[in-house]
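Q: If you scroll down you'll find the structure; I have some questions about it.
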Ligand code: HEM
């Protein structure tokens, strides 16, 4: 098969450089087991920003620079936008319906199109009231049980995505849908972002064996049932609310109203809506919480940054109200803090994992040529965001947490490369929910900073408890649970939050 592939190749150009290969096994022994983005970045510095690794039936291309990512995953996205086959995810976990796993083609396009139609960045009026309502409820929980801040943030994002996707109102505690998405997400975490997940698929025989094993494996059966429940149960609940006339507007309700406009039969329309709502719910909550945990950790570590952001908030927003999304343009320092947290997430915690250090792997549908190199068809292509956010030329002294690097004359400096543009993936597969994620992250950070002070706790002996700074290694990585004290900045905080909650209703046009 390898010989056949070699004979089929059209171009005689050399492959991109990479580490030393051995006969038959290629680079199998040198593909890093952990922190692969650091090793890829080092290889990039040592030989070329585009790196090639191979194993039996496997071609892996790593792009370490903004230029190569823009040229290939951006400009040539018509051929660089598929996903590698992932038997482990599709068969073992029953997640072949997930938009993020689908190969480039009709099924993916249908789902991606309705996602954009119903959650267009210009439609912020659809989701803004609910963002406000969920953030304000979370602030009240922070007043009451600040030590559970990680749970409150997780619950807020789960509740917001459930509400936007299905119009479902989350239960005050232990909501079964949120628990379900957490369970599926936990199993998926360690698989999806890791290129080794796709190794088994490089040899057809292995993937057939895996498929067979998945059919017979008890754990795989349980995971598949969970994934099916995640796709079906909230959708069925939304349909019931619509039938009972108690539904609040949501992605599902708006799509079902327009089902008649769908091309194809009703059944395929239902499947597309169900799949897209499911990926919205699963992909939307965990990653946004992960970003917020990191921002809180950064504010905890850098108290001077926290104080400066609070001073700016006091000057612009004052203490008589809570921040709103329309304040964003007047708060450049806060925006710079969030940008630096996204960048630093990829750097400062260098032995920790950023939200998406190498995005998700893309796959190339036909052979290509770039800068004198041949890129084999079906290569797995990784955009190494971590390497780009380490780049000294763009971010001098990248090891320092310095929001000021994004500011000039008190305003955001548009000449500095925006780390956010590198944090949500590339080309046609770039994250379609980034605008919702970013506005939620901004509003939550601004509201927490305006209402609370975050400090390191002190133990019984009066010793400051430092956060471990350890991260969970996964596709959307996040800090391991850490402790901090979150206390109201002034006596009026609780009253302000209650007033905001009363004026929000539930963000769905109903009183709470
Ligand atoms: C801070 C939060 C988030 C981060 C850092 C993030 C990051 C990413 C990245 C890196 C990708 C892979 C892009 C690529 O393949 O090049 C992705 C894909 C995706 N994200 Fe996000 N994301 C976040 C929040 C969200 C939210 C809130 C939603 C939904 C509302 C969402 C929905 C998706 C979907 C559906 C895909 C798959 C796209 C496809 O394969 O076509 N994400 N995200």
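In mature numbering (1 follows the signal peptide of the UniProt record, and there is no 0), the protein residues as written are 1 to 512. Every residue, glycine too, gets a C-beta built ideally from N, C-alpha and C.
Take residue 163 as the anchor and find which of 97, 407, 277 has the nearest alpha-carbon.
A: 277
Q: Decide if residue 80 is buried, meaning its Cβ has at least 16 other Cβ atoms within 10 Å, or exposed.
A: buried
Q: Shorter than 7 Å, the distance from the beta carbon of residue 177 to the closest heavy atom of the ligand HEM, or not?
A: no
Q: Helix, strand or coil: which one does DSSP assign to residue 31?
A: coil
Q: Would residue 53 and residue 60 be called neighbours here (beta carbons separated by less than 8 Å)?
A: yes
Q: Using 8 Å as the cut-off, can you tell me whether the region 279-296 makes contact with the region 237-249, which would need three or more C-beta pairs spanning the two stretches below that distance?
A: The region 279-296, when compared against the region 237-249, does not touch it at the 8 Å Cβ threshold.
Q: Please list, in chain order, all residues of the same chain as residue 402 whose beta carbon is under 7 Å from its beta carbon, the five residues on each side excluded.
A: 340
Q: Going residue by residue through the region 234-306, where are the continuous beta strand (DSSP E) segments of at least 3 residues, counting only ones entirely within it?
A: As far as the region 234-306 is concerned, it has no whole beta strand (DSSP E) run of at least 3 residues.
Q: Apart from the five residues just before and just after residue 18, which ones in its own chain have a Cβ nearer than 6 Å to its Cβ?
A: 51, 52, 53
Q: Determine the burial state of residue 84: buried for a count of at least 16 other Cβ atoms within 10 Å of its Cβ, exposed for fewer.
A: By the Cβ neighbour-count rule, residue 84 is buried, with 16 or more other Cβ atoms within 10 Å of its own.
Q: Quick one: complete alpha helix (DSSP H) runs, 4+ long, within the region 64-108?
A: 66-69, 87-93
Q: CB-CB under 7 Å to residue 434, same chain, minus the five flanking residues each way: which ones, in chain order?
A: 424
Q: Note the first and the last residue of the continuous alpha helix (DSSP H) segment covering residue 140.
A: Counted as a single uninterrupted DSSP element, the alpha helix (DSSP H) harbouring residue 140 occupies residues 124-144.
Q: On the DSSP bridge list, what partners appear for residue 381?
A: 61, 362
Q: Just mark residue 46 as buried or exposed, buried being the case when its beta carbon has 16 or more other beta carbons within 10 Å.
A: exposed
Q: Provide the residue span of the alpha helix (DSSP H) that contains residue 434, from first to last.
A: 434-451
Q: Figure out for me which residue from 281, 467, 489, 455 has the closest Cα to the Cα of residue 447.
A: 489
Q: Is it a yes or a no for the region 416-431 touching the region 306-325, going by three-plus beta-carbon pairs under 8 Å?
A: no
Q: Counting along the chain, where does the alpha helix (DSSP H) carrying residue 168 start and finish?
A: For residue 168, there is no enclosing alpha helix (DSSP H), as DSSP marks it with neither H nor E.
Q: Any heavy atom of the ligand HEM closer than 7 Å to the beta-carbon of residue 488?
A: no
Q: Can you give the Cα-Cα distance for residue 410 and residue 152, rounded to whole angstroms?
A: 34 Å
Q: Looking at C-beta atoms only, is the number of pairs between the region 364-379 and the region 323-335 that lie closer than 8 Å three or more?
A: No: fewer than three Cβ pairs fall under 8 Å.
Q: Exposed or buried, residue 222, counting other C-beta atoms within 10 Å across all chains shown (16 or more means buried)?
A: exposed
Q: Compute every distance between the C-beta of residue 436 and the non-hydrogen atoms of the ligand HEM, then say whether any falls below 7 Å.
A: yes
Q: CB residue 118 to CB residue 326, shorter than 8 Å?
A: no
Q: Can you give me the start and stop residues for the alpha helix (DSSP H) that residue 423 sits inside?
A: 420-423
Q: According to DSSP, is residue 112 helix, strand or coil?
A: helix
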